[in-house]
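Below you'll find the structure, written out as structure tokens, and then a few comments.
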Amino acid sequence: MTQAEIKLCSLLLQEHFGEIVEKIGVHLIRTGSQPLRVIAHDTGTSLDQVKKALCVLIQHNLVIHRVHKRGVVEYEAQCSRVLRMLRYPRYIYTAKTLYSDTGELLVEELLLNGKMTMSAVVKKVADRLTETMEGQYCSHAVSRGVDGKNMDYAEVSNTFVRLADTHFVQRCPVVPATENSDPGPPPPAPTLVISEKDMYLVPKLSLIGKGKRRRSSDEDATGEPKAKRPKHTSDNKEPIPDDGIYWQANLDRFHQHFRDQAIVSAVANRMDQTSSEIVRTMLRMSEITTSSSAPFTQPLSSNEIFRSLPVGYNISKQVLDQYLTLLADDPLEFVGKSGDSGGGMYVINRNDQAKTLLSDLDPWHEDLHKALGCLSTASLESVVQERFGSRCARIFRLVLQKKHLEQKQVEDFAMIPAKEAKDMLYKMLSENFISLQSVANLIERRQFETKENKRLLEKSQRVEAIIASMQATGAEEAQLQEIEEMITAPERQQLETLKRNVNKLDACEIQVDETIFLLESYIESTLKRQ
Amino acid sequence: MAGNKGRGRAAYTFNIEAVGFSRGEKLPDVVLKPPPLFPDTDYKPVPLKTGEGEDYVLALKQELRETMKRMPYFVETPEEKQDIERYSKRYMKVYKEEWIPGPKSKKAKNTDKDTSLTNTADVLKKIEELEKRGDGEKSDEENEEKEGSKEKSKEGDDEDEDDAADQEEYDEEEQEEENDYINSYFEDGDDFGADSDDNMDEATY
Numbered sequence: 001m002t003q004a005e006i007k008l009c010s011l012l013l014q015e016h017f018g019e020i021v022e023k024i025g026v027h028l029i030r031t032g033s034q035p036l037r038v039i040a041h042d043t044g045t046s047l048d049q050v051k052k053a054l055c056v057l058i059q060h061n062l063v064i065h066r067v068h069k070r071g072v073v074e075y076e077a078q079c080s081r082v083l084r085m086l087r088y089p090r091y092i093y094t095a096k097t098l099y100s101d102t103g104e105l106l107v108e109e110l111l112l113n114g115k116m117t118m119s120a121v122v123k124k125v126a127d128r129l130t131e132t133m134e135g136q137y138c139s140h141a142v143s144r145g146v147d148g149k150n151m152d153y154a155e156v157s158n159t160f161v162r163l164a165d166t167h168f169v170q171r172c173p174v175v176p177a178t179e180n181s182d183p184g185p186p187p188p189a190p191t192l193v194i195s196e197k198d199m200y201l202v203p204k205l206s207l208i209g210k211g212k213r214r215r216s217s218d219e220d221a222t223g224e225p226k227a228k229r230p231k232h233t234s235d236n237k238e239p240i241p242d243d244g245i246y247w248q249a250n251l252d253r254f255h256q257h258f259r260d261q262a263i264v265s266a267v268a269n270r271m272d273q274t275s276s277e278i279v280r281t282m283l284r285m286s287e288i289t290t291s292s293s294a295p296f297t298q299p300l301s302s303n304e305i306f307r308s309l310p311v312g313y314n315i316s317k318q319v320l321d322q323y324l325t326l327l328a329d330d331p332l333e334f335v336g337k338s339g340d341s342g343g344g345m346y347v348i349n350r351n352d353q354a355k356t357l358l359s360d361l362d363p364w365h366e367d368l369h370k371a372l373g374c375l376s377t378a379s380l381e382s383v384v385q386e387r388f389g390s391r392c393a394r395i396f397r398l399v400l401q402k403k404h405l406e407q408k409q410v411e412d413f414a415m416i417p418a419k420e421a422k423d424m425l426y427k428m429l430s431e432n433f434i435s436l437q438s439v440a441n442l443i444e445r446r447q448f449e450t451k452e453n454k455r456l457l458e459k460s461q462r463v464e465a466i467i468a469s470m471q472a473t474g475a476e477e478a479q480l481q482e483i484e485e486m487i488t489a490p491e492r493q494q495l496e497t498l499k500r501n502v503n504k505l506d507a508c509e510i511q512v513d514e515t516i517f518l519l520e521s522y523i524e525s526t527l528k529r530q
Numbered sequence: 001m002a003g004n005k006g007r008g009r010a011a012y013t014f015n016i017e018a019v020g021f022s023r024g025e026k027l028p029d030v031v032l033k034p035p036p037l038f039p040d041t042d043y044k045p046v047p048l049k050t051g052e053g054e055d056y057v058l059a060l061k062q063e064l065r066e067t068m069k070r071m072p073y074f075v076e077t078p079e080e081k082q083d084i085e086r087y088s089k090r091y092m093k094v095y096k097e098e099w100i101p102g103p104k105s106k107k108a109k110n111t112d113k114d115t116s117l118t119n120t121a122d123v124l125k126k127i128e129e130l131e132k133r134g135d136g137e138k139s140d141e142e143n144e145e146k147e148g149s150k151e152k153s154k155e156g157d158d159e160d161e162d163d164a165a166d167q168e169e170y171d172e173e174e175q176e177e178e179n180d181y182i183n184s185y186f187e188d189g190d191d192f193g194a195d196s197d198d199n200m201d202e203a204t205y
């Protein structure tokens, strides 16, 4: 774990779970797996708090437990999983694009809560959708299963099933069912398992009902002031039908989707819209026919591809063949050809082993690794260019090509005076090139800015609250005007600037994370080859 | 002796070329203060991507941050003991669900029921005792506690601790409103006039 990674993990944990959880989490990341008491001792925290922190971390799939030899249970943090928290908004947005609002909320609830039962998450999402739909009765809503003003559980259930079928959500590992004949004493902690076939199996639930609205003024017979009484969201004492079957978001599947998206858009940029649609179709077909862990997909005949093209695309078979040839001939080797039957067999390869296997067949295949490589290189080059100038970019490109260059050779090839070349090399080396460091900086800067303006932010929040409550009780325009003037014009200016800056910093975090994703995917793919 | 060669003349104790400066070259300026926290860069960064999608993801991110803070998983750091307990603190408590991890086992539910029964019994006994005692201020506190625990036992489950606390607050207020006047003042109606008269008789001279 690099210092930059640890720093970023610390910031993420602190923002999402508070200081105590952050302390425990970072400690585990730094030291590796440790038992409970050692954690408490080393961090100087009470056992109670350590337990609470561990519960939160385990609930969110950030820490796992393991029974060590001699029956000691140790806890281990997954640093890379902590870093994924940066990507949550992207996962949620992806779910929205694929399965609309219902899908979006389902994934959001799963990410916010770590693990949930299907019945719990369906109910929660139905409630949320109902709240947002209040008073929005329209035919459009009816077609989505909204009866009157309440969201039907069935509709939400259906979306959940679709998410499970396409592997975007998966079951959490469970305690294995022990046989009664097991003689030994029970282990200090159960080892959780999940079999491949069970992972996406949706339990047979008959979830009948509708989402409830939060406001219960018509139900509250006693007439007690609602403001003081917090509403119970879980009134039911009924047994949960799928108790023990917990679900979590399957981040790897989202990553696969991002990769596919990146390739499709790269093809679109390099060639044209039609080519990218063809590639997208090929990827979609291989999604269904093979699981992501298979070494290579079934070969796709151009006939099959032709049949699977999206409905709107009216290209003839010959044109499709021409496109396929073009794609296969492209030096970037996104698509490969592996035979001539069925109008030409095209293979999508996610793994290089298959490449060597099929090499005697002169394969044309979609080499994901290569694709990633090109994308990574391109992105790295542009980063260097923007950050250090075009001369540095020249050097960088050279180094990438030649792998090793001596200092003198760099000067010769790049045609830059010796001193400047040295200067730039040193700069590039010493500047921490890792994007993770950038993100950590961004977060720190944002927190810094927010703290600086804390007083102002609190003031504006109070004023807003006052205005809102006055409006609710029907205040006059003049009074509202007066309240608004409590914030002076320069303060308003400051707030505007602050808001703009914070938004910019947030947007930077998101986009730098996209670069991180690309580079990490490439590294992972490279490691798999070896 | 050989070591005195450079006496009086500035000489490096290490090979300057190893660091990268050739001999006789102008060395960089001496640094007098730490580098700025957020230094200016030579090259301005690339403009950010903008678009509907990006805006939505940004809004999502900010919303998520807010939501996370309100979830029960966000463990607040316990405050240090303050010398003076501020009155306003009681009314600034933010409602936050207590999260109990793991499935609720039947065993846990049963024990709760038991405690609630004993609670109610105790509570009733206490009420009787205190009515007899008739000490105003004390009964206030006792009433608050009783109300609190009564509410707690009514709910029964462990996830409603904060719930009870809120209701306790509510009931406290109610109690206080009702008890502007000391309870004992009107409690023993028979003796009311007689006692005070006696006292007054004694007091006047």
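Sequence order for the protein chains is V and A. Mind the numbering: the first sequence is residues 1 to 530 in UniProt numbering, read in order. Mind the numbering: the second sequence is residues 1 to 205 in UniProt numbering, read in order. A virtual CB, placed ideally from N, CA and C, is assigned to each residue, including glycine.
| Check | Outcome |
| --- | --- |
| Report the rounded CA-to-CA distance for C508 of chain V versus R70 of chain V, giving the unit in angstroms. | 48 Å |
| For Q82 of chain A, return the contacting residues in chain V, with the cut-off set at a CB-CB distance below 7 Å. | Chain V residues near Q82 of chain A: none, gap ~19 Å exceeds 7 Å. |
| For a test of the three-state rule: what should DSSP assign to L32 of chain A, helix, strand or coil? | coil |
| Enumerate in chain order the residues of its own chain whose CB-to-CB distance from P188 of chain V is below 7 Å, with the five nearest sequence positions on each side excluded. | V67, G71 and V73 |
| For the candidate residues V:T2, V:I305 and V:Y91, whose alpha-carbon lies nearest to that of E514 of chain V? | V:Y91 |
| Would you check if the distance between the CB atom of L163 of chain V and the CB atom of V156 of chain V is smaller than 8 Å? | no |
| Suppose the cutoff is 8 Å on Cβ atoms and the five residues either side in sequence are ignored; what does the same chain contact list for L112 of chain V look like? | none |
| Can you tell me the Cβ-Cβ gap for Y75 of chain V and I39 of chain V, rounded? I've got them flagged as a contact below 8 Å. | 7 Å |
| Where do the N-terminal and C-terminal ends of the alpha helix (DSSP H) with R81 of chain V fall, by residue? | C79 to L83 |
| Count the other CB atoms within 10 Å of the CB of F306 of chain V; is the residue buried (16 or more) or exposed (fewer)? | buried |
| Short of 7 Å Cβ to Cβ, which residues in the region 23-47 of chain V face chain A? | none |
| Thinking just about the alpha-carbon of each residue, which of V:Q34, V:T2 and V:V56 is nearest to the one in Q14 of chain V? | V:V56 |
| Any beta carbon from chain V within less than 8 Å of F14 of chain A's own beta carbon? | no |
| Could you tell me which residues DSSP pairs with E484 of chain V in its beta bridges? | Looking at the DSSP assignment, E484 of chain V forms no beta bridge with any residue, so it has no partner. |
| Could you tell me whether the region 306-325 of chain V touches the region 269-284 of chain V, using the rule of 3 or more Cβ pairs below 8 Å? | yes |
| For a test of the three-state rule: what should DSSP assign to A465 of chain V, helix, strand or coil? | helix |
| Can you grab the Cα-Cα spacing for the pair A268 of chain V / R259 of chain V, in whole Å? | 14 Å |
| Across which residues does DSSP place E74 of chain V in a beta bridge pair? | V:P35 and V:R66 |
| Which partner residues of W247 of chain V appear in the DSSP bridge assignment? | V:M116 and V:R171 |
| Let me know the secondary structure DSSP gives K210 of chain V once reduced to three states. | strand |
| Within 8 Å of any Cβ in chain V, is that where the Cβ of Y73 of chain A sits? | yes |
| By Cβ distance, which residues of its chain are closer than 6 Å to S308 of chain V, with the 5 residues on each side in sequence left out? | T281 and M285 |
| Classify T43 of chain V: buried if its beta carbon has 16 or more other beta carbons within 10 angstroms, exposed otherwise. | buried |
| Just reading off the alpha helix (DSSP H) that L64 of chain A is part of, what are its end residues? | E52 to R70 |
| If you draw a straight line from the C-alpha of E76 of chain A to the C-alpha of K52 of chain V, how long is it? | 11 Å |
| Is the Cβ of G53 of chain A closer than 8 Å to any Cβ of chain V? | yes |
| Within 10 angstroms of the Cβ of Y91 of chain A, are there 16 or more other Cβ atoms? Answer buried if so, exposed if not. | exposed |
| At 7 Å on the CB atoms, spell out the chain A contacts of R455 of chain V, in chain order. | Chain A residues near R455 of chain V: none, gap ~18 Å exceeds 7 Å. |
| Using 8 Å as the limit for Cβ to Cβ distance, is A53 of chain V near chain A? | yes |
| Spatial neighbours of K96 of chain V within its chain, please: C-beta separation below 7 Å, excluding the five flanking residues on both sides. | G103 and E104 |
| For chain V, check one thing: does any of its Cβ atoms lie closer than 8 Å to the Cβ of L27 of chain A? | no |
| Which class does V156 of chain V belong to by DSSP, given the choice of helix, strand or coil? | helix |
| Please confirm if G103 of chain V has its CB atom under 8 Å from at least one CB of chain A. | no |
| Give the residues of chain A in contact with G176 of chain V, contact being defined as C-beta atoms less than 8 Å apart. | Looking at the sequence itself, residue 176 of chain V is Pro, so the reference to Gly does not match. Simply none; closest approach about 16 Å. |
| Using the Cα positions of residue 552 of chain V and M71 of chain A, report the straight-line distance between them to the nearest angstrom. | Not covered by the structure: residue 552 of chain V. The range shown for chain V is 1 to 530. |
| Between E109 of chain V and V125 of chain V, what straight-line distance do the alpha-carbon atoms span, to the nearest angstrom? | 8 Å |
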